[in-house]
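For the sequence shown, the positions run 0 to 99 when numbering that gives the first Met the number 0 is used.
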Amino acid sequence: MFDDVANQSTEMKFYIKLSCQLGLMGVGITDFNPNGGVTRAEFGTVLSRALYGNTYNTTGNMYYTNHLNALKANNVITNTNPRLKEVRGYVMLMLMRAAE
0 MFDDVANQST EMKFYIKLSC QLGLMGVGIT DFNPNGGVTR AEFGTVLSRA LYGNTYNTTG
60 NMYYTNHLNA LKANNVITNT NPRLKEVRGY VMLMLMRAAE
């Protein structure tokens, strides 16, 4: 488990563990950052892995490129700027598009 989740609720710890088991989350190998902001690169990668599994995984600094391009090709997102800070409204819109 990550070093920075000790003060989280039991329910939150369950979901953190589950997301890690699914290979969806983590900031590096020691932190989860449960209260931090999320960029388009981070959220797009998580959403892409949830939808397509490991299909678009790559290594290196631009790990998110294939994930964002796949989401755009499938009309889930329109903007692939990896530095965008996600907000609830856009996240909800992406989830609705993904469900269609």
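The C-beta atom is built at its ideal place from N, Cα and C for all residues, glycine as well.
Alpha carbon of residue i to alpha carbon of residue j, nearest angstrom
| i | j | result |
| --- | --- | --- |
| V4 | T29 | 10 Å |
| P33 | V86 | 15 Å |
Residue closest to residue i, alpha-carbon to alpha-carbon, out of the options
| i | options | result |
| --- | --- | --- |
| N65 | N32, S47, T77 | S47 |
| G88 | F13, I76, N80 | I76 |
| F31 | T38, R39, S18 | S18 |
| G27 | D2, L92, K12 | D2 |
| V45 | G35, M91, Y63, G59 | Y63 |
Buried versus exposed, by CB contacts within 10 Å (16 or more), residue i
| i | result |
| --- | --- |
| R82 | exposed |
| G43 | buried |
| M95 | exposed |
| L67 | buried |
| Y14 | exposed |
| A72 | exposed |
| E99 | exposed |
| A49 | exposed |
Proximity test, Cβ basis, 8 Å: residue i and chain B
| i | result |
| --- | --- |
| V90 | No chain B appears in the structure shown, which is made up of a single protein chain. |
ask   = Is there contact between the segment 51 to 62 and the segment 4 to 12, where contact requires at least three CB pairs shorter than 8 Å?
value = Counting Cβ pairs under 8 Å, fewer than three are found: no touch.
request  = At 4 residues or longer, and completely inside the segment 48 to 85: list those alpha helix (DSSP H) runs for me, N to C.
outcome  = For secondary structure counted as the alpha helix (DSSP H) over 4 or more consecutive residues, the segment 48 to 85 holds these complete runs in sequence order: 64 to 72.
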